[in-house]
Structure formats: structure tokens, C-alpha cells
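Here is the structure we will look at.
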Amino acid sequence: MLNETMDTVPLAERSVAVRLESPFVSVAGLLKAQEGRASKAFAMRELPFRDLVNVRGDLSDPAFVDAFAQVVGCQPPAQPNTVARGNGYDVLWLGPDEWLVRSNALVPAGMLEAKLAPAFGETYAAAVDVGSGYTVVEIDGARTRELLSRGCPLDLHPRLFTQGQCAQSVFFKASIVLIPTGDDRFEIVVRRSFADYFGRIMLDAVASLAS
Numbered sequence: 066m067l068n069e070t071m072d073t074v075p076l077a078e079r080s081v082a083v084r085l086e087s088p089f090v091s092v093a094g095l096l097k098a099q100e101g102r103a104s105k106a107f108a109m110r111e112l113p114f115r116d117l118v119n120v121r122g123d124l125s126d127p128a129f130v131d132a133f134a135q136v137v138g139c140q141p142p143a144q145p146n147t148v149a150r151g152n153g154y155d156v157l158w159l160g161p162d163e164w165l166v167r168s169n170a171l172v173p174a175g176m177l178e179a180k181l182a183p184a185f186g187e188t189y190a191a192a193v194d195v196g197s198g199y200t201v202v203e204i205d206g207a208r209t210r211e212l213l214s215r216g217c218p219l220d221l222h223p224r225l226f227t228q229g230q231c232a233q234s235v236f237f238k239a240s241i242v243l244i245p246t247g248d249d250r251f252e253i254v255v256r257r258s259f260a261d262y263f264g265r266i267m268l269d270a271v272a273s274l275a276s
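The working numbering puts the first residue of the sequence shown at 66, with every later residue one more than the last.
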């Protein structure tokens with residue numbers, strides 16, 4: 066009887082009843098304690114439940130580019146490791162035919178995929194919601210680049226890696242996408258499976274700043 070009842074409820078209404086749980090739930094206490102100690106040197110907070118969509122397509126296909134721009138508000142960036150700004154979305158270059166689109170604010174999961182997929186129509190393109198598999202962290206402070214350099218192999222000098230850019234890399238053993246959003250501020254896209262490890266290793270690195 067329960068299954069029969071649920072089958073009659075529209076999918077959009079069923080999703081409202083789903084309880085969202087942060088990938089950092091297991092380290093929530095540690096993160097909360099760190100927020101209480103936040104200083105000008107370093108601060109970290111999670112930006113959970115962003116709409117994240119992986120998009121694949123061909124930039125030489127005007128139908129794909131136009132459909133993407135109509136929904137997102139900008140064309141996919143063609144230059145490697147750059148970010149394009151749309152209507153409430155950032156588009157991160159991941160490869161010649163791959164981008165990660167993320168919302169700038171908390172929005173119901175799956176909204177962008179539901180718009181992009183039908184907009185692409187018969188074009189050789191795909192839009193896949195990956196929001197449940199990732200989360201976003203914001204870090205800032207005067208020693209943020211120093212901290213990142215302890216576990217990230219990228220050259221993070223502000224003359225080389227600044228706003229408008231992004232890069233896939235690692236922080237120690239955690240796969241990340243790193244996005245500068247200010248002089249000493251970054252957003253980091255982290256896989257859910259690495260969230261606990263990332264949170265703990267980041268806080269360990271923060272503690273080492275004082276040593």
C-alpha cells in the first residue's frame with residue numbers, strides 16, 4: 066500500500082520530504098569549533114546543497130552553445146581552467162568538452178539538470194546532476210594560500226592563480242576543484258566520499274599554522 070501511495074505522488078512533491086544531510090556531518094563538531102576560532106589568518110565554512118551539474122558538449126556545435134547559454138546565462142568557457150559567470154551560476158572548465166556548473170546559492174537539487182537536458186534536445190550533449198556526490202567549502206584569510214600549499218601541488222602565487230580561474234587538483238589525497246574568489250579567498254569543490262578526510266586534514270593543517 067505504501068508503494069502504491071508514493072507512486073501517485075508527483076516526483077517534485079516527493080523530493081520535498083527528503084532530508085538533506087551535509088557530507089561533513091561526521092566532522093560537524095570540529096568544523097563548528099573551528100568557526101568559533103576563525104581569525105583574519107584563516108576561516109572555513111561549508112556551502113552545502115549547491116546545484117552541481119556536469120555538462121559534456123561540443124563547442125563547435127552552435128545548437129549546444131546556444132541551448133547552454135539560454136539556460137545558464139553564458140557560454141561554456143573555451144579557455145582551459147577558466148570560469149564563466151551566468152545568471153546565478155558559475156561554469157568551471159574541466160576539459161575541452163566538459164564543464165562543472167554550480168549555483169551561487171542554495172537551490173533545490175536537480176533544477177538545472179531538469180532545464181538543460183530538454184534544452185539540448187537532439188544535440189550531442191549531456192547534463193548530469195552530481196550535487197549529491199559533492200559539496201563546496203569556502204576558505205579565506207591572510208594565510209589561506211600558505212595553508213593550501215601544504216597539501217596542494219599547484220603554484221598558488223596570486224600573480225599566477227587568481228579570480229576567473231579554476232583548477233582540478235588534490236589537497237593531500239583528496240580530489241578537489243579549486244576556485245579563487247578573492248585575493249585570499251577560495252571555494253573548493255570536494256567529493257562526498259572525501260568530505261570527512263578533507264575536513265580533518267584541513268583542520269590539521271590549520272592547527273599547524275600556529276606551530
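All residues carry an ideal CB built from backbone N, CA and C; glycine is no exception.
Pairwise C-alpha distance: residue j and residue i
i	j	result
ARG110	ALA232	20 Å
VAL92	MET267	11 Å
LEU212	LEU157	23 Å
LEU274	GLU163	36 Å
ALA179	ALA170	17 Å
ASN152	CYS139	8 Å
SER168	LEU112	11 Å
PRO223	ARG250	11 Å
PHE237	PRO127	40 Å
PRO145	SER87	31 Å
CYS217	THR147	18 Å
ALA272	TYR262	15 Å
GLY175	LEU219	32 Å
ALA143	VAL118	17 Å
Supposed contact pair residue j and residue i - C-beta distance, whole angstroms, cut 8 Å
i	j	result
GLY122	PRO141	7 Å
LEU165	VAL242	7 Å
ALA192	VAL120	5 Å
Under 9 Å between C-beta atoms of residue i and residue j
i	j	result
PHE226	SER240	no
PHE278	GLY264	In the structure as shown, the chain begins at 66 and stops at 276. Residue 278 is therefore absent and cannot be evaluated.
ALA132	LEU177	no
TYR154	ASP116	yes
Sequence-distant residues of its chain with Cβ nearer than 6 Å to residue i (five each side left out)
i	result
GLU252	VAL201, GLU203, ILE244, THR246
LEU76	Confidence at LEU76 is low in this model, with a pLDDT of 42, below 50, so the placement of that residue is unreliable and no value is reported for it.
For residue i, the nearest candidate out of the options (CA to CA)
i	options	result
VAL195	HIS222, ASP162, VAL254, SER214	VAL254
ASP248	PHE107, VAL90, PRO183	PHE107
ALA270	ARG215, ASN119, VAL136, ARG167	ARG215
ALA149	ALA192, ARG250, GLY206, GLY229	GLY229
LYS105	ALA207, ALA272, ARG256	ALA207
GLN135	ALA272, ASP116, PRO183, ASN146	PRO183
Proximal residues to residue i (C-beta, below 8 Å), its chain only, five neighbours per side dropped
i	result
PHE129	GLY122, ASP123, PHE185, THR188, TYR189, ALA190
ALA257	The sequence given here places Arg at residue 257; Ala does not occur at that position. So the qualifying residues of the chain are PRO88, SER197, GLY198, TYR199, THR200.
Contacts around residue i, its chain only, beta-carbon distance under 7 Å, and the 5 residues preceding and following it disregarded
i	result
LEU221	ARG210, LEU213, SER214
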